[in-house]
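**Q** This is the structure, below, for whatever I ask next.
In UniProt numbering, the protein residues as written are 1 to 161.
This is the structure we're talking about:
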């Protein structure tokens, strides 16, 4: 079984986006995301892929879509989270969004890496509620962004055995 990690940035209300874009500019979070995911497979929904606009370099890009005809150079397409996990064939992988993919993959995830932004934004997409009984916090790094002036934390949660 693959080590499956969900990686997400959320505001104080679990908001993750609006109109298929990030509502904040937090360069430190993007650098953190790149550092962790580079060299690893990433799994995302089609709308998340389209918001990025291209395959992310130095990563195997797997896109989940209900449209069997949908194709894009540099990505592999599958029709479900389970099919994406099967493609990983035991390799560790990162689920990078969006909301529906997070919801579907949460029961399969071993680890959550959450950037908690200490601010509330106008969002139309949200990270699902997690049951604290299922997860143990194993790391928390508090930061303040020099460029964005935002307080945030990188939080790691592992699924309890």
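Here a beta-carbon is modelled for each residue, glycine too, at the ideal position from N, C-alpha and C.
Predicted model, so just to flag it, every value in this text is computed and none were measured.
For residue 54, report the span of its alpha helix (DSSP H) as first-last.
**A** On the chain shown, residue 54 is found 54 positions in, with the first residue counted as 1. Where residue 54 is concerned, there is no enclosing alpha helix (DSSP H), given that its DSSP letter is neither H nor E.
**Q** Between which two residues does the beta strand (DSSP E) harbouring residue 37 extend?
**A** As a position in the chain shown, residue 37 is number 37, starting the count at 1. Unbroken run through residue 37 is the alpha helix (DSSP H), 27–37; no beta strand (DSSP E).
**Q** Unbroken beta strand (DSSP E) runs of length 3 or more, entirely within the segment 78–129: which are they?
**A** List check, beta strand (DSSP E) in window: 93–95 and 111–117.
**Q** Cα separation between residue 134 and residue 27?
**A** Working through the chain shown from its first residue, we reach residue 134 at position 134. Working through the chain shown from its first residue, we reach residue 27 at position 27. Roughly 31 Å between the two C-alpha positions.
**Q** For the segment 145–156 and the segment 40–47, state whether three or more C-beta atom pairs, one from each stretch, are separated by less than 8 Å.
**A** Judged by Cβ distances under 8 Å, the segment 145–156 makes no contact with the segment 40–47, as fewer than three pairs qualify.
**Q** Go to residue 72, then tell me how far its beta strand (DSSP E) extends in each direction, as first and last residue.
**A** In the chain shown, the residue the question calls residue 72 occupies position 72. No beta strand (DSSP E) contains residue 72, which DSSP labels as neither H nor E.
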